[in-house]
Amino acid sequence: MGKNTLVSDHLLMTNTLRFPAADPASAAAFFAAELAFEADPDDVVRDLKAGTTEGFQLVETRSPEAFERARIPGAINLPHWEIDGTTTADWDRDLVYVCYCESFECNAATKGALKLSRLGFKVKRLAGGITTWQAAGYPVEGHSAEGHPVGGAGLHGITCDC
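Residue numbers for the sequence shown follow my numbering, beginning at 13 and rising by one.
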């Protein structure tokens with residue numbers, strides 16, 4: 013019997029294909045939309061290394077304490093719970109603000125991006141947050157919990173602090 017064999021008027025399929033794939037045009041629209049909402053850490057680090065960061069600003073949406081411990085170079089800190097018209101009054105509306113937080117398990121970046129978009133800013137979320145950033149070996153700035161400078165990736169013990 014093959015993998016796709018008709019038995020009792022039912023086509024047996026793999027779990028992967030139980031739900032049919034979208035038609036190519038729908039898939040293209042979906043994936044283009046996904047890329048409009050997220051920034052890839054690899055793309056961001058390439059821009060940082062090349063010095064081509066005009067057009068966007070990284071925004072750490074966790075607490076000031078988390079920002080002090082470890083942050084992506086060039087990022088600014090605005091905790092998601094402080095985002096409002098007053099705290100963003102002098103922000104450049106021509107920039108795209110790339111929000112990040114701890115990880116995929118944290119939603120501080122999503123909360124920050126939501127608030128910023130409701131205020132009329134263009135936003136993206138950095139996929140995976142600072143945890144994914146560090147796991148890839150990308151540089152961070154800040155101080156460890158012991159107060160020692162963070163010279164690169166691999167800081168352990170970061171907590172969400174959101």
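C-beta atoms are modelled at their ideal positions from N, C-alpha and C, and glycine is treated no differently.
Asked: Would you mind listing the alpha helix (DSSP H) stretches within the stretch 56 to 122 that are 4+ residues and don't spill past its ends, in chain order?; Found: 76 to 81
Asked: Relative to the alpha-carbon of residue 108, which residue among 51, 33 and 35 has its alpha-carbon at the smallest distance?; Found: 51
Asked: Residues in the same chain with beta-carbon distance under 6 angstroms from residue 13, minus the five sequence neighbours each way, listed in chain order, please.; Found: Here residue 13 scores only 46 on pLDDT, less than 50, and its place in the model should not be relied on; the value that follows carries that caveat. Contacts found: none.
Asked: I'd like to know if the stretch 107 to 124 and the stretch 136 to 144 are in contact, where contact means that at least 3 CB-CB pairs between them fall below 8 angstroms.; Found: yes
Asked: Would you mind sorting residue 38 into buried or exposed? The rule is 16 or more other CB atoms within 10 Å of its CB.; Found: exposed
Asked: Is the distance from the Cβ of residue 91 to the Cβ of residue 75 below 9 angstroms?; Found: yes
Asked: What's the gap between the Cα of residue 9 and the Cα of residue 31?; Found: Within the shown structure, residues of the chain are numbered from 13 to 174, placing residue 9 beyond reach of any answer.
Asked: Below 7 angstroms CB to CB, which residues in the same chain sit around residue 79 once its five sequence neighbours on both sides are set aside?; Found: 72 and 89
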